[in-house]
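Chemist: Protein sequences, first through last, are from chains E and G. Take 291 as the starting number for the first sequence in our numbering and just add one per residue. Take 291 as the starting number for the second sequence in our numbering and just add one per residue. Backbone N, C-alpha and C fix where the C-beta goes; we use that ideal spot for every residue, glycine too. All of these numbers come straight from a predicted model, not from anything done at the bench. First the structure, which I've put down as structure tokens, then a few questions once you've had a look.
Protein chains: 2
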Amino acid sequence: MISNKAKYAFRALLAVAAAPAGESLTSAEIARRHSIPHKFLEQILLDLKKAGILESRRGKSGGYIMLRPADTVSFAEVLRLFDGPLAPLPCLSRQSYRPCEDCISEAQCEIRREFARAHEASRRILEARTIADALNGRPFEAIPAERSRAAS
Amino acid sequence: MISNKAKYAFRALLAVAAAPAGESLTSAEIARRHSIPHKFLEQILLDLKKAGILESRRGKSGGYIMLRPADTVSFAEVLRLFDGPLAPLPCLSRQSYRPCEDCISEAQCEIRREFARAHEASRRILEARTIADALNGRPFEAIPAERSRAAS
DNA sequence: TGAAAACCTACTAGCTTGATAGAGATAATA
DNA sequence: TATTATCTCTATCAAGCTAGTAGGTTTTCA
Numbered sequence: 291m292i293s294n295k296a297k298y299a300f301r302a303l304l305a306v307a308a309a310p311a312g313e314s315l316t317s318a319e320i321a322r323r324h325s326i327p328h329k330f331l332e333q334i335l336l337d338l339k340k341a342g343i344l345e346s347r348r349g350k351s352g353g354y355i356m357l358r359p360a361d362t363v364s365f366a367e368v369l370r371l372f373d374g375p376l377a378p379l380p381c382l383s384r385q386s387y388r389p390c391e392d393c394i395s396e397a398q399c400e401i402r403r404e405f406a407r408a409h410e411a412s413r414r415i416l417e418a419r420t421i422a423d424a425l426n427g428r429p430f431e432a433i434p435a436e437r438s439r440a441a442s
Numbered sequence: 291m292i293s294n295k296a297k298y299a300f301r302a303l304l305a306v307a308a309a310p311a312g313e314s315l316t317s318a319e320i321a322r323r324h325s326i327p328h329k330f331l332e333q334i335l336l337d338l339k340k341a342g343i344l345e346s347r348r349g350k351s352g353g354y355i356m357l358r359p360a361d362t363v364s365f366a367e368v369l370r371l372f373d374g375p376l377a378p379l380p381c382l383s384r385q386s387y388r389p390c391e392d393c394i395s396e397a398q399c400e401i402r403r404e405f406a407r408a409h410e411a412s413r414r415i416l417e418a419r420t421i422a423d424a425l426n427g428r429p430f431e432a433i434p435a436e437r438s439r440a441a442s
């Protein structure tokens with residue numbers, strides 16, 4: 291299960307990305323429209339800003355706006371930001387690899403082998419799909435097949 | 291990330307399933323061989339027994355043995371048993387469905403739509419792969435395509 | 001100067017994880 | 001029958017995490 295924090299982050303991002311170009315949205319407005327605790331949302335928006343995804347304007351008539359275009363922000367990136375590694379095992383994480391304690395041999399670990407498949411399947415989708423895709427409902431079939439397995 | 295408990299459960303199950311037919315394994319032996327805290331493992335084995343996956347014999351020369359054949363025990367089942375629903379959102383869980391609070395329309399929820407794809411991909415693999423598959427290294431390609439989408 | 005907004009830091013209740021502890025029940029065997 | 005090895009059950013606990021709440025500071029606009 292993803293955390294509430296991540297869920298709120300997605301809602302907020304979708305809201306900001308859906309706003310007319312150049313128009314900013316205040317945290318209070320987002321909170322009201324999506325029933326998110328306001329102060330909690332503020333922290334989340336701040337994280338999104340620190341991550342370089344959102345831009346903010348302070349003061350009266352301030353608010354939030356996309357910094358990076360919505361089609362460059364993947365679900366995987368946002369989820370990682372709030373919930374940590376996507377991988378089901380530390381030894382399967384690319385971004386924050388860590389061997390399991392007491393692991394004798396990664397190559398021979400059946401658990402790793404099985405979860406690697408499952409993880410790879412969902413990882414590819416979360417990595418490929420962006421906030422923009424979600425907004426305009428681009429169908430799943432349009433995801434280009436990932437050829438480069440080398441980096442895995 | 292899956293819990294330590296689930297990881298231990300997989301290790302233990304693989305060990306019991308790998309034992310020669312009819313031969314039982316004691317919790318102490320499994321704990322020793324896989325560096326799992328003994329008393330903690332006992333709880334886990336008990337859960338596996340209550341779930342009808344393992345069988346136990348008490349007393350001297352007791353131990354654990356598979357109750358159900360290893361090729362009927364899926365990774366999904368074991369993971370659910372210890373870590374709860376596989377679904378990233380409550381509204382995506384088949385076994386323990388629950389709407390998100392404050393959800394206005396499931397059909398129109400972009401977050402649900404995106405995560406549904408990712409979840410379905412890994413769910414199918416975890417559901418299809420069994421302890422027996424993991425043990426004899428049956429290649430992933432051999433998984434039969436799931437045709438019935440109706441139950442989704 | 002006042003209002004509205006983002007920004008920052010601290011705190012907290014309740015839950016979950018990953019165990020540890022100790023006693024009881026049962027079965028083989030000496 | 002006593003011993004011993006094993007599973008079984010229940011309670012407890014420290015540490016960390018989740019989902020916030022709280023209260024102030026800074027910035028900007030009118």
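Can you tell me the Cα-Cα spacing of L304 (chain G) and K295 (chain G), whole angstroms?
Modeler: 14 Å
Chemist: Within 10 angstroms of its Cβ, does I320 (chain E) collect 16 or more other Cβ (buried), or is it exposed?
Modeler: With 16 or more other Cβ atoms within 10 Å, it is buried.
Chemist: Taking DSSP's pairing of strands, which residues face G353 (chain E) in a bridge?
Modeler: E:R347
Chemist: Using a C-beta cutoff of 8 Å, does R409 (chain G) count as contacting chain E?
Modeler: Here the sequence assigns His to residue 409 (chain G), which means Arg is not the residue at that position. Nearest CB-CB separation between H409 (chain G) and chain E: below the 8 Å threshold.
Chemist: So who's on the other strand from L315 (chain G), going by DSSP bridges?
Modeler: G:Y354
Chemist: Can the beta-carbon of I334 (chain E) be found closer than 8 Å to that of R358 (chain E)?
Modeler: no
Chemist: For S412 (chain E), which residues in chain G fall below 8 Å Cβ to Cβ?
Modeler: A408, H409, A411 and S412
Chemist: For S317 (chain E), count neighbouring Cβ atoms within 10 angstroms of its own Cβ and tell me buried if that reaches 16, exposed if not.
Modeler: buried
Chemist: Taking the Cβ atom as the reference point for each residue, do V363 (chain E) and I421 (chain E) lie within a distance shorter than 8 Å?
Modeler: yes
Chemist: Return the CA-CA distance between P310 (chain E) and L379 (chain E), expressed in angstroms with no decimal places.
Modeler: 41 Å
Chemist: Give, in chain order, every unbroken run of the beta strand (DSSP E) that is at least 3 residues long and sits entirely within the segment 363–430 of chain E.
Modeler: none
Chemist: Go ahead and label L392 (chain G) buried or exposed: buried means 16 or more other beta carbons lie within 10 angstroms of its beta carbon, across all protein chains shown.
Modeler: The sequence given here places Asp at residue 392 (chain G); Leu does not occur at that position. Label assigned to D392 (chain G): exposed.
Chemist: Quick one, which of G:M356, G:L336 and G:E410 has its alpha-carbon nearest S314 (chain G)'s?
Modeler: Of all alpha-carbon atoms in G:M356, G:L336 and G:E410, the one lying nearest the alpha-carbon of S314 (chain G) is that of G:M356.
Chemist: Determine the closest residue to A239 (chain E) out of G:R419, G:A418, G:I401 and G:I415, with distance taken between C-alpha atoms.
Modeler: Any question about residue 239 (chain E) goes unanswered here, given that chain E covers just 291 to 442.
Chemist: Indicate whether the contact test is met: 3 or more Cβ pairs, each with one atom in the segment 404–412 of chain G and one in the segment 346–354 of chain G, closer than 8 Å.
Modeler: The answer is no - the segment 346–354 of chain G does not touch the segment 404–412 of chain G, with fewer than three Cβ pairs under 8 Å.
Chemist: Buried or exposed: I394 (chain G), going by 16 or more other Cβ atoms within 10 Å of its Cβ?
Modeler: exposed
Chemist: Just to confirm before moving on: does the CB-CB distance between L371 (chain G) and D337 (chain G) stay below 8 Å?
Modeler: The beta carbons of L371 (chain G) and D337 (chain G) sit closer together than 8 Å.
Chemist: For F365 (chain E), is the classification buried or exposed, using 16 other Cβ atoms within 10 angstroms of its Cβ as the cut-off for buried?
Modeler: Under a 10 Å Cβ-count criterion, F365 (chain E) is classified as buried, with 16 or more other Cβ atoms of the shown protein chains found around its own Cβ.
Chemist: Can you find the residues in the same chain that come closer than 8 Å, C-beta to C-beta, to Y387 (chain E), ignoring five residues on each side of it along the sequence?
Modeler: P380 and C381
Chemist: So, with DSSP's three-state summary, where would you put I334 (chain G)?
Modeler: helix
Chemist: Just checking: is the beta-carbon of I292 (chain G) within a distance shorter than 8 Å of some beta-carbon in chain E?
Modeler: Interface criterion met: the Cβ of I292 (chain G) is under 8 Å from a Cβ in chain E.
Chemist: Can you give the Cα-Cα distance for V306 (chain G) and P389 (chain E), rounded to whole angstroms?
Modeler: Straight-line Cα distance between these residues: approximately 24 Å.
Chemist: Mind checking if D392 (chain E) is an interface residue toward chain G, Cβ cutoff 8 Å exclusive?
Modeler: Using beta-carbon distances, D392 (chain E) counts as an interface residue toward chain G, with a partner under 8 Å.
Chemist: Against chain E, with Cβ distances strictly below 8 Å, would L357 (chain G) count as a contact?
Modeler: Answer no: the Cβ-Cβ gap between L357 (chain G) and chain E never drops below 8 Å.
Chemist: Closer than 8 Å, Cβ to Cβ, to anything on chain G: give me those residues from the segment 358–385 of chain E, in chain order.
Modeler: F365, G374, P375, A377, P378, L379 and P380
Chemist: When the Cα atoms are used, what is the spatial distance from A341 (chain G) to N426 (chain G)?
Modeler: 24 Å
Chemist: What residues in the segment 418–429 of chain G bring their beta carbon closer than 7 Å to a beta carbon of chain E?
Modeler: R419, A424 and L425
Chemist: Does K297 (chain G) pass the burial test, meaning 16 or more other C-beta atoms within 10 Å, or should it be called exposed?
Modeler: Its Cβ being crowded by 16 or more others within 10 Å, K297 (chain G) is buried.
Chemist: Is the distance from the Cβ of E396 (chain G) to the Cβ of A424 (chain E) below 8 Å?
Modeler: no
Chemist: Buried or exposed for G312 (chain G), going by 16 or more other Cβ atoms inside 10 Å?
Modeler: exposed
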